[in-house]
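**Q** The following block contains the structure, expressed as structure tokens.
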Ligand SMILES: *Cc1c(COP(=O)(O)O)cnc(C)c1O
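Residue numbers (the working numbering): 20 to 560.
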């Protein structure tokens with residue numbers, strides 16, 4: 020059953036892949052054949068057909084989820100908690116249980132075998148102290164990882180909801196925003212907010228632009244125009260806030276970069292903002308921000324640059340003397356930028372920054388309500404209560420890493436990226452997808468099935484590769500930790516390619532079988548049904 024692997028492989032595409040896998044699962048298990056090609060039309064015209072298909076999808080999802088989570092004895096031995104215990108357990112026992120679940124069920128990003136989710140530094144073992152509140156003893160040496168972890172723990176019970184309550188948090192947040200604004204050459208007018216991640220930063224930008232256009236231009240049916248390669252968080256924001264997304268073209272056969280003219284052509288009087296990425300996630304390609312900005316100025320539209328992925332790399336790559344086209348606030352026309360401190364800023368998960376050119380934009384991000392019997396309410400972002408730990412640890416990350424640290428890590432990443440690019444070129448049949456400008460390298464193989472190769476890489480060599488579609492390809496977000504085993508990665512890659520050449524049946528199993536059916540899914544509505552059902556099951560105890 021290939022579904023489990025699908026989920027291990029895909030980060031941003033988790034949901035999509037699950038759908039595809041599930042539909043294929045359904046298909047290979049006969050149901051699909053029974054329904055045949057009539058599914059789409061049946062759904063539309065036959066009363067009750069949708070219910071029947073739904074019921075079948077539910078059963079298939081159940082079976083798939085059961086198979087996906089292999090029982091591990093040690094984890095099963097930890098008692099399942101479905102009711103708050105009558106008497107609280109001792110803290111030590113609580114931690115022992117968590118440590119077991121974490122060790123047995125989760126990967127360790129510090130192994131350097133993952134290419135998404137966690138941005139692991141090289142040679143940083145976690146060794147957190149026990150008393151989070153006391154400063155370290157004089158002369159004690161504290162690693163970057165410990166500093167950020169301890170900062171998080173020191174502040175995790177504080178709340179950034181009300182800036183007058185925990186006053187150090189207000190100062191730390193303003194300092195994080197100031198340091199980031201300086202890094203991306205923002206003018207003195209720029210203002211920002213620390214959010215919990217790229218998604219929240221993007222939600223806030225879309226909301227602000229929707230509300231700005233509504234207030235200032237009376238736009239009632241808002242749309243944003245964004246290249247097909249932008250992160251799905253824009254889709255999510257649009258879905259939540261009643262905004263249409265118009266997808267513009269990108270150079271799919273070449274650089275992977277977006278076409279600014281195509282984007283401009285999709286703008287109309289209901290457009291509230293243009294969007295592009297620096298760089299986009301799938302291929303690490305940086306969109307032509309200056310061309311987007313020229314259109315934005317001409318059309319009188321705001322331009323959001325999504326730098327969530329590489330915003331903490333590009334400034335240092337530029338200082339390394341590599342050519343990096345302008346993408347930040349130096350470009351006239353850029354009105355907001357999102358950057359994730361929890362990616363190449365190396366902070367613990369839960370921190371990102373959304374920056375606007377000025378409060379003329381940011382004011383539309385705020386939510387204020389004065390009629391509540393519980394008091395006056397105002398909040399800058401999606402959350403109510405805000406864990407102070409995310410702000411404190413973001414601050415600790417920036418201050419502890421320093422420019423020298425960011426430069427050092429950027430150099431290591433770009434050298435690893437160069438090595439990957441060189442190896443792609445030196446591997447017969449392999450080629451790059453898009454231009455790997457910043458952080459990520461994406462590549463495919465024209466002669467063997469890349470999904471089968473990924474299975475061998477995982478099963479034989481322990482590498483968890485990210486898989487992408489359109490075309491079928493690998494995605495590697497490169498972290499500092501990957502420098503260590505880069506030769507081994509490519510030796511293992513060549514071995515895995517050879518294994519698939521030697522045994523073509525591998526291309527008919529596992530991930531390959533699953534992805535092979537992608538193009539054959541007949542009905543978009545069914546895909547969404549499957550997805551939703553799948554997610555509901557995943558989070559049912
Ligand atoms: C990761 C990412 C996001 C979303 O960030 P989250 O922190 O996962 O919410 C948005 N845009 C790009 C380009 C990204 O890589």
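Yeah, the Cβ is synthetic: ideal placement off N, Cα and C, and Gly gets one too.
Any heavy atom of ligand 1 closer than 8 Å to the Cβ of residue 487?
**A** For ligand 1, not one heavy atom lies less than 8 Å from the Cβ of residue 487.
**Q** What does a CB cutoff of less than 6 Å around residue 498 pick up in its chain, not counting 5 residues either side in sequence?
**A** 138, 139.
**Q** Under 8 Å from any heavy atom of ligand 1, does the C-beta of residue 219 make it?
**A** Flag set: Cβ of residue 219 near ligand 1.
**Q** Report buried or exposed for residue 185, applying the criterion of at least 16 other Cβ atoms within 10 angstroms of its Cβ.
**A** Buried.
**Q** With C-beta atoms as the reference, is residue 368 less than 9 Å away from residue 331?
**A** Against a cut-off of 9 Å, the Cβ pair of residue 331 and residue 368 comes out as no contact.
**Q** Tell me where the beta strand (DSSP E) around residue 436 begins and ends.
**A** Counting along the chain, residue 436 falls outside any beta strand (DSSP E), though it belongs to the alpha helix (DSSP H) covering 407-445.
**Q** For the alpha helix (DSSP H) that contains residue 333, what are its first and last residues?
**A** That run of the alpha helix (DSSP H) goes 333-338.
**Q** Using the DSSP secondary-structure output, state which residues sit across from residue 555 in a beta bridge.
**A** According to DSSP, which records beta bridges pairwise, residue 555 is partnered with nothing at all.
**Q** Only counting the same chain, and skipping five residues up and downstream in sequence, which positions put a Cβ closer than 6 Å to that of residue 338?
**A** Same-chain partners within the cutoff: there are none.
**Q** What are the start and end residues of each continuous alpha helix (DSSP H) run of 4 or more residues lying completely inside the stretch 70-104, in chain order?
**A** Segments of the alpha helix (DSSP H) lying fully in the stretch 70-104: 92-95.
**Q** Thinking C-alpha only, which one of 252, 206, 430, 412 is nearest residue 141?
**A** The option with the nearest alpha carbon to residue 141 is 430.
**Q** Please confirm whether any heavy atom of ligand 2 lies closer than 8 Å to the CB of residue 412.
**A** This structure lacks ligand 2; the ligands present are ligand 1.
**Q** So does residue 371 have its beta carbon nearer than 8 Å to some heavy atom of ligand 1?
**A** Result yes, Cβ under 8 Å from ligand 1.
**Q** Who are the Cβ neighbours of residue 350 in its own chain at under 7 Å, not counting the five residues just before and after it?
**A** Around residue 350: 308, 309, 312.
**Q** Using 8 Å as the cut-off, can you tell me whether the stretch 436-454 makes contact with the stretch 198-207, which would need three or more C-beta pairs spanning the two stretches below that distance?
**A** Not touching, per the Cβ criterion.
**Q** Is the stretch 448-459 in contact with the stretch 478-495, if contact means three or more CB pairs nearer than 8 Å?
**A** Yes, since at least three Cβ pairs between the stretch 448-459 and the stretch 478-495 fall closer than 8 Å, the two stretches touch.
**Q** Please classify residue 98 as buried or exposed, where buried requires at least 16 neighbouring CB atoms within 10 angstroms.
**A** That one is exposed.
**Q** Could you spell out the range, first to last residue, of the alpha helix (DSSP H) harbouring residue 562?
**A** Nothing can be reported for residue 562: it is not among the residues displayed for the chain, which extend from 20 to 560.
**Q** Suppose you measure from the CA of residue 412 to the CA of residue 129; what does that come to, to the nearest Å?
**A** Approximately 19 Å, taken between the alpha carbons.
**Q** Along the chain, where does the alpha helix (DSSP H) that runs through residue 217 open and close?
**A** Counting along the chain, the alpha helix (DSSP H) containing residue 217 begins and ends at 217-236.
**Q** Smallest Cα separation from residue 78: which of 553, 518, 560?
**A** If we check each option's Cα against that of residue 78, 553 comes out closest.
**Q** Within the continuous beta strand (DSSP E) that includes residue 487, where are the two ends?
**A** Element bounds for residue 487: 485-487.
**Q** Quick check on residue 211: buried or exposed, where buried means 16 or more other Cβ atoms within 10 Å of its Cβ?
**A** Its Cβ being crowded by 16 or more others within 10 Å, residue 211 is buried.
**Q** Considering only residues of the same chain and omitting the five flanking positions on each side of residue 405, which have a CB-CB separation below 7 Å?
**A** Result list for residue 405: 178, 179, 180, in chain order.
**Q** Any idea what DSSP makes of residue 457, helix, strand or coil?
**A** The answer is coil: DSSP assigns residue 457 none of H, G, I, E or B.
**Q** Would you tell me roughly how many angstroms separate the C-alpha atoms of residue 441 and residue 457, rounded to the nearest one?
**A** Using only the alpha carbons, I get a separation of about 15 Å.
**Q** Between residue 323 and ligand 1, is the CB less than 8 Å from at least one heavy atom?
**A** No, the beta carbon of residue 323 sits no closer than 8 Å to any heavy atom of ligand 1.
**Q** Which value, in whole angstroms, describes the spacing of the CA atoms of residue 391 and residue 398?
**A** For residue 391 and residue 398, the distance between alpha carbons rounds to 14 Å.
**Q** Starting from residue 450, trace the beta strand (DSSP E) in both directions and tell me its first and last residue.
**A** Run containing residue 450: 449-451, per the beta strand (DSSP E) assignment.
**Q** So the candidates are 193, 519, 359, 409; which of them puts its Cα closest to the Cα of residue 326?
**A** Checking every option, the nearest Cα to that of residue 326 belongs to 359.
**Q** At a cut-off of 8 Å, is residue 300 close to ligand 1 when judged by its beta-carbon and the heavy atoms of the ligand?
**A** Yes, since a heavy atom of ligand 1 falls inside the 8 Å radius drawn around the Cβ of residue 300.
**Q** In chain order, which alpha helix (DSSP H) runs of at least 4 residues are fully inside the stretch 259-347?
**A** Entirely contained in the stretch 259-347, the alpha helix (DSSP H) runs reaching 4 residues are, in chain order, 279-284, 308-318, 333-338.
**Q** For residue 86 and residue 103, I'd like the C-alpha separation in whole angstroms.
**A** The straight-line gap from Cα to Cα measures roughly 28 Å.
**Q** Indicate the three-state DSSP secondary structure (helix, strand or coil) for residue 388 in the structure shown.
**A** Correct three-state label for residue 388: strand.
**Q** Are the CB atoms of residue 324 and residue 295 nearer to each other than 9 Å?
**A** In this structure, residue 295 lies closer than 9 Å to residue 324 by Cβ.
**Q** Are at least three pairs of beta-carbons, each pair with one atom in the stretch 283-298 and one in the stretch 238-252, less than 8 Å apart?
**A** The answer is yes - the stretch 238-252 touches the stretch 283-298, with three or more Cβ pairs under 8 Å.
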